[in-house]
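Let me begin by presenting the structure, written as structure tokens, before commenting on it.
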């Protein structure tokens, strides 16, 4: 009989935590027992897993006794506090926060791109940032075939990327605006920052905090995570990456406009489309005659990364533009985490 | 006594036409008489200009008898049909459609960038595309100071850019979505195209028709209009321009994420910000410590182009990113047209 696993979801009541429960339900991981962990405030609530009610428990170090696998999405400080306790008790943790992503001892993994990095884990595996994941899934087959010199990305990121409370705030703003009422903002653009602005019918060119470099932390993450995932070094000279991250009035699914330059200047848009058509985790939606291209409303609820509008920059050889959309809560977070866990099981690393 | 002008607004009942009436009210142009022209469907409606009711008339060639200045925004085919008639009758026309933009005999003018092009007009002056205008206003002072090699732009364009009916459709979709009803779409992404998609809570990477080149016509316009405005040649080798245009669920004001490379590699972000601070038509909103950056909701109703998030690409010398927002109905259309008319008056060209 194959091994069965005791799984804990840390941050089970959040937007991503909820999706983690669903994704785990649909996964190939044999779950013996599931613990749903959250803060004291959420303890006692019940959630459903495979038709059975599971009570949410307050997280303590002892919550991880006997746990084989932890899926964590309760914020960086919670991960820092509890994941070492989980590891100490023998669990392997897939962490969806930014707490450990840049730790050289922690693999940062997108299974379609660098599953072999899992082999060197020390108990914690980091799930990359949502906007990074969908971009590297689309770019990696191109990098493998033609080399990748430069990436210039502009993001169109959904409210749910800032959490369930931000999503609720956004929908309330939209209701208020349409009713002719004044919109209020207490969370977006970034929880805990000094000023807050409405997102509904607006654009906010700030995701996460703004740093002295002039970049937002989200932009910093896209630059350095892409390098770490693709070539194993967060400061690698190539591929060059620059990013502008913008929150847009969409509930779920991020869009990305990506300009990229490849080493092999003989590469064509048709070759790139063929690569994408056969790439794992990618669905090519690129049929201009029938106006087929990726959209958030059609990507929502799906695990795939949708790519379209692939075309050459006619003025720069080896340069192309494309448009990428994926569900930020699934491939950008919960599904990538569960997929990492499936890989750990398949590779006998747990 | 200074000259007074008889003005006609063609397409007076549309989203841009309405704004043209307001912008003309606030302009320095001495208006003797105003004719509001539209299709037969709108004839008989009344609109207000400087406190007086003006009846909308059906457009015929004779509508332009005695008219000195035409401001036109009724669609390309209407411009093609009527502007030659107006010119024949001695009027000078500022046309906000794409009908004449690429005609080598028609100046394509943004007054902050190339007002001298007005001097060679033959009766028709073209107003550029909304997304082009705000970009060239921000880029021109940088080009003048440091030279401009490359522009890579991703747009975040508001529903009103597709007209009043598209804007109404978008708000109805938002209402329906929030009420849990199915959204319907008959106009967006582009009136008259085969398929239509909801814009509310969604992103549509199609503005205007998609062409065989792989680019949308809006993207084509941004590329070639920028070259014509900046260097007088729609096919100029430099600056190189590539664009991805996306419709976003915002009512009014377009956003743009612009990556650009200058010739002078000693240029710094601080120098660029100083240039922008002193540039005509530009308001620099770039104070990261206080989370100050351009937003559609704060740009709406203003004539300026708002620029912020100016920062260097640390991996490419002479390369920068910035974020631009402007009211697409004002600087992107009605105000730029009226501003062109003011320049014609000032230069004695009318």
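Residue numbers (UniProt numbering), protein chains in the order written: chain A, 1 to 350; chain B, 1 to 350.
We put the beta carbon where it would ideally sit given N, CA and C, even for glycine.
Go to residue i, then tell me how far its beta strand (DSSP E) extends in each direction, as first and last residue.
i, result
"residue 288(B)", "Residue 288(B) -> no beta strand (DSSP E), and no H or E assigned at all."
"residue 259(B)", "254-262"
"residue 95(A)", "92-95"
"residue 244(B)", "240-247"
"residue 224(A)", "No beta strand (DSSP E) contains residue 224(A), which is instead part of the alpha helix (DSSP H) from 217-231."
"residue 125(A)", "124-126"
"residue 33(B)", "31-38"
"residue 308(A)", "305-312"
"residue 197(B)", "Per DSSP, residue 197(B) belongs to no beta strand (DSSP E) and is neither H nor E."
"residue 58(B)", "52-58"
"residue 8(B)", "5-10"
Could you confirm whether any beta carbon from chain B is found closer than 8 Å to the beta carbon of residue i?
i, result
"residue 236(A)", "no"
"residue 151(A)", "no"
"residue 255(A)", "yes"
"residue 383(A)", "Because chain A spans 1 through 350 in this model, residue 383(A) falls outside it and cannot be assessed."
"residue 17(A)", "no"
"residue 10(A)", "no"
"residue 246(A)", "yes"
"residue 357(A)", "Because residue 357(A) is not part of the residues shown, which for chain A are 1 to 350, the question remains open."
"residue 156(A)", "yes"
"residue 5(A)", "no"
Of all Cβ atoms in chain A, is any one closer than 8 Å to the Cβ of residue i?
i, result
"residue 201(B)", "yes"
"residue 321(B)", "yes"
"residue 88(B)", "no"
"residue 205(B)", "yes"
"residue 226(B)", "no"
"residue 188(B)", "no"
"residue 13(B)", "no"
"residue 316(B)", "yes"
"residue 251(B)", "yes"
In chain C, what lies closer than 7 Å to residue i by C-beta?
i, result
"residue 194(B)", "In summary, chain C is missing from the structure at hand, where the protein chains are A and B."
Report buried or exposed for residue i, applying the criterion of at least 16 other Cβ atoms within 10 angstroms of its Cβ.
i, result
"residue 197(B)", "buried"
"residue 120(A)", "exposed"
"residue 184(B)", "exposed"
"residue 224(A)", "buried"
"residue 256(B)", "buried"
"residue 189(B)", "buried"
"residue 227(B)", "buried"
"residue 111(B)", "buried"
"residue 46(A)", "exposed"
"residue 314(B)", "exposed"
"residue 266(A)", "exposed"
"residue 35(B)", "buried"
Whose Cβ in chain B lies nearer than 8 Å to the Cβ of residue i?
i, result
"residue 214(A)", "269, 288, 309, 310, 311, 312"
Just to make sure I have the definition right: I need the residues of chain A whose C-beta is within less than 8 Å of the C-beta of residue i. Which are they?
i, result
"residue 100(B)", "Per Cβ cutoff of 8 Å: no residues; residue 100(B) is ~24 Å from chain A at best."
"residue 285(B)", "The contacting residues do not exist; residue 285(B) stays about 10 Å from chain A at best."
"residue 69(B)", "What residue 69(B) touches in chain A: nothing, since even the nearest Cβ is about 34 Å away."
Hey, could you find the ends of the alpha helix (DSSP H) residue i is sitting in?
i, result
"residue 76(A)", "76-88"
"residue 143(A)", "130-146"
"residue 322(A)", "Taken as a continuous stretch (DSSP letters only), residue 322(A) belongs to no alpha helix (DSSP H), being part of the beta strand (DSSP E) at 319-326."
"residue 272(B)", "269-277"
"residue 70(A)", "Premise fails: residue 70(A) lies in the beta strand (DSSP E), 69-72, not in any alpha helix (DSSP H)."
Taking 7 Å as the cut-off, is the beta-carbon of residue i closer than that to any non-hydrogen atom of the ligand ZN?
i, result
"residue 259(A)", "Ligands in the displayed structure: none, and consequently the ligand ZN is not present."
Taking residue i as the query, report the chain A residues whose CB atoms sit under 7 Å from its CB, ordered along the chain.
i, result
"residue 175(B)", "178"
Output, in chain order, the set of chain B residues within a Cβ distance shorter than 7 Å of residue i.
i, result
"residue 295(A)", "197, 202, 203, 204"
Can you name the residues of chain B whose CB is closer than 9 Å to the CB of residue i?
i, result
"residue 240(A)", "313, 315, 316"
Return the Cβ separation of residue i and residue j in integer angstroms, given the expectation that the two are a contact with Cβ distance under 8 Å.
i, j, result
"residue 31(B)", "residue 55(B)", "Not confirmed; about 16 Å, so no contact."
"residue 118(A)", "residue 262(A)", "Between residue 262(A) and residue 118(A) the Cβ distance is about 27 Å, and since that is not below 8 Å, they are no contact."
"residue 245(B)", "residue 157(B)", "6 Å"
"residue 129(A)", "residue 98(A)", "7 Å"
"residue 70(B)", "residue 340(B)", "That pair is no contact at about 12 Å."
"residue 162(A)", "residue 187(A)", "7 Å"
For residue i, which residues in chain A fall below 9 Å Cβ to Cβ?
i, result
"residue 210(B)", "288, 289, 291, 293, 309"
"residue 165(B)", "Residues of chain A passing the Cβ test: none, with the nearest at roughly 18 Å."
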